[in-house]
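Q:
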Amino acid sequence: MKALVYHGPGQKAWEDKPMPQVIDDTDAIVRVDAVTICGTDLHILKGDVPEVTDGRILGHEAVGTVESVGTGVKRVKVGDRVLVSCISACGSCRFCREARYGQCLGGGGWILGHTIDGTQAEFVRVPFADTSTYLAPDGVSDEALLMLADILPTGWEVGVLNGQVRPGDVVAVVGAGPIGLAAIMGARMFSPSHIVAIDLADSRLDAAKQFGADVTVNNGREDPAAAIAALTDGLGADVTIEAVGTPATFELAAALVRPGGHVANIGVHGEPATLHLEQLWIKDVTITTGLVDTSSTPTLLRLLGGSQLDAARFVTHHFTLDQFEEAYDVFARAGETGALKVVLTRT
Ligand SMILES: NC(=O)c1ccc[n+]([C@@H]2O[C@H](COP(=O)([O-])OP(=O)(O)OC[C@H]3O[C@@H](n4cnc5c(N)ncnc54)[C@H](O)[C@@H]3O)[C@@H](O)[C@H]2O)c1
Ligand SMILES: [Zn+2]
Ligand SMILES: [Zn+2]
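If you're matching positions, the sequence shown starts at 258 in this note's numbering and goes up one per residue.
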């Protein structure tokens, strides 16, 4: 089969790899029907994730058809159309019992395209298939469903739920990439009074408006603190969500929150950020961090099935699997191409 293989920083190729086989009896082999690229894959290609080694097939998001299953797989059957989640779950460790699948101690967590071969391939081995895949609801397109593999649960769990967004809140989202946009889409469901999107790229701020932000601030030329002060009698945002992953944007999110508010960090950080405790200690703020658990996937599937979640809106570009190199190029130059999510499908 063909797969997108990582060969060290800056190096990748769409090349031949052996067909994956069932190794553990809880595995399924899934034929990949639709797959996408994540900002985290770009981090890997920059060399920011050293656990990913030469020869690894990338990718942690897919929709596919079950090709074969191990003898221990009970729920998933050959021929099922499934969502392959970015987080795998053993289902029985301490953290899985608390639905904290991202922290799985039994061999799950973020493993696909990280510590084992991933989904950017014609076929993928999915460990713990019963607890790491979700049956596709009828009437939902592959590409809409694919948005539930990573970005929608991430924005929802790590941004909106950790940030405890409530009706009437002023929510500030720093970074309007796919993750920030997913947080905006999720925050809308709680009827905030205002959603302020903050980004350096006007194209991303335009997208933020389409996804439900009513105020946009380009922090390259405008002051987000002034914009939020104007909406909150100078108090600051009830909830700030960091969706970039740099020291400057974390510090901005922490500076924009009101006393008693919540700062929800989503960004993957590679460098230390300064926690201004000399300002924050007196403000009663709650700061949360998190890796997505995908524990919200069943909820999001119901919202999708009930047409309450416009997941397909994220998809800006379509390719076939053999166009992986081109798809990476378009996704990596999102500022110029306007890419949010690119979807690759079988021909
Ligand atoms: N915690 C998790 O489980 C989890 C899961 C998936 C992704 N992530 C992380 O979430 C972050 C966002 O992901 P994405 O795919 O949306 O990334 P992205 O790169 O597509 O988007 C980031 C956005 O931030 C903007 N930006 C950059 N610097 C800025 C600044 N100084 N001020 C304001 N805006 C700025 C960019 O213009 C861009 O629109 C990444 O760090 C990613 O690794 C975390
Ligand atoms: Zn991802
Ligand atoms: Zn587990």
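Glycine is no exception: its CB is placed at the ideal position from the N, C-alpha and C atoms.
1) Indicate the three-state DSSP secondary structure (helix, strand or coil) for PHE576 in the structure shown.
2) According to DSSP, what are the bridge partners of ASP456?
3) If you drop the 5 nearest sequence neighbours on each side, which residues of the same chain put their C-beta closer than 6 Å to that of GLU324?
4) Jot down the residue ranges of each uninterrupted beta strand (DSSP E) in the segment 306-373, minimum 3 residues, whole runs only, in chain order.
5) Could you have a look at PRO516 and say whether DSSP puts it in helix, strand or coil?
6) What span of residues does the beta strand (DSSP E) with GLU499 cover, start to end?
7) Quick one: what does DSSP say ILE301 is sitting in, helix, strand or coil?
8) Considering only residues of the same chain and omitting the five flanking positions on each side of VAL413, which have a CB-CB separation below 6 Å?
9) Among all the DSSP beta bridges, which residues are the ones paired with LYS259?
10) In chain order, what residues of the same chain have a beta carbon less than 6 Å from the beta carbon of LEU492, not counting five sequence neighbours either side?
11) Which residue marks the beginning of the beta strand (DSSP E) containing ALA439, and which one marks its end?
12) With DSSP as the reference, label ILE544 as helix, strand or coil.
13) What does LYS598 pair with, by DSSP beta-bridge criteria?
14) What are the complete beta strand (DSSP E) segments, minimum 3 residues, inside the segment 404-438?
15) What are the boundary residues of the beta strand (DSSP E) that VAL287 is part of?
16) Check each candidate in ALA439, ALA386 and GLU400 and name the one with the smallest Cα separation from HIS575.
17) Quick check on the burial criterion: 16 or more other C-beta atoms within 10 angstroms. Buried or exposed for GLN377?
18) Of all residues in the structure, which have a C-beta closer than 7 Å to any heavy atom of ligand 5, taken in chain order?
19) Would you kindly check if the distance between the Cβ of ALA291 and the Cβ of ALA260 is under 8 Å?
20) Give me the Cα-Cα distance between THR693 and VAL415, rounded to the nearest whole angstrom.
21) Assess, as a yes-or-no matter, whether the segment 337-348 is touched by the segment 368-386 under the definition of 3 or more beta carbon pairs within less than 8 Å.
22) Is the CB-CB distance between ASP337 and GLY316 below 8 Å?
23) With a threshold of 7 Å, establish whether the CB of GLY434 neighbours any heavy atom of ligand 1.
A: In this structure, then:
1) Taken through DSSP and simplified to helix, strand or coil, PHE576 comes out as strand.
2) ASN475, per the DSSP bridge assignment.
3) Only residues of its own chain outside the window of five on either side were considered, and among them ILE286 and ARG288 have a CB closer than 6 Å to the CB of GLU324, listed in chain order.
4) Runs found: 319-326 and 338-341.
5) In the structure shown, PRO516 sits in a strand (DSSP, three-state: E or B).
6) For GLU499, the enclosing beta strand (DSSP E) begins and ends at 494-499.
7) Secondary structure at ILE301: helix, using DSSP grouped into helix, strand and coil.
8) Note on identity: in this sequence residue 413 is Trp, with Val being the wrong assignment. Here the set comprises GLY443 and SER553.
9) BP columns for LYS259 point to ASP273.
10) Once the five neighbours on either side are set aside, the close Cβ partners of LEU492 are ARG515.
11) Segment 435-445 is the alpha helix (DSSP H) holding ALA439; no beta strand (DSSP E) there.
12) Looking at ILE544 - three-state DSSP - the assignment turns out to be strand.
13) Bridge partners of LYS598: VAL572.
14) 427-431, all fully within the segment 404-438.
15) It spans 285-293 - the beta strand (DSSP E) in which VAL287 sits, taken as one unbroken run.
16) Closest option to HIS575, Cα to Cα, is GLU400.
17) Within 10 angstroms of the beta-carbon of GLN377 lie 16 or more other beta-carbons, which makes it buried.
18) Ligands displayed in this structure: ligand 1, ligand 2 and ligand 3; ligand 5 is not among them.
19) Contact flag unset, no.
20) Residue 693 is absent from the model: the chain starts at 258 and stops at 604.
21) Contact between the segment 368-386 and the segment 337-348 is present, with at least three C-beta pairs closer than 8 Å.
22) In this structure, GLY316 does not lie closer than 8 Å to ASP337 by Cβ.
23) Shortest gap from the CB of GLY434 to any heavy atom of ligand 1: under 7 Å.
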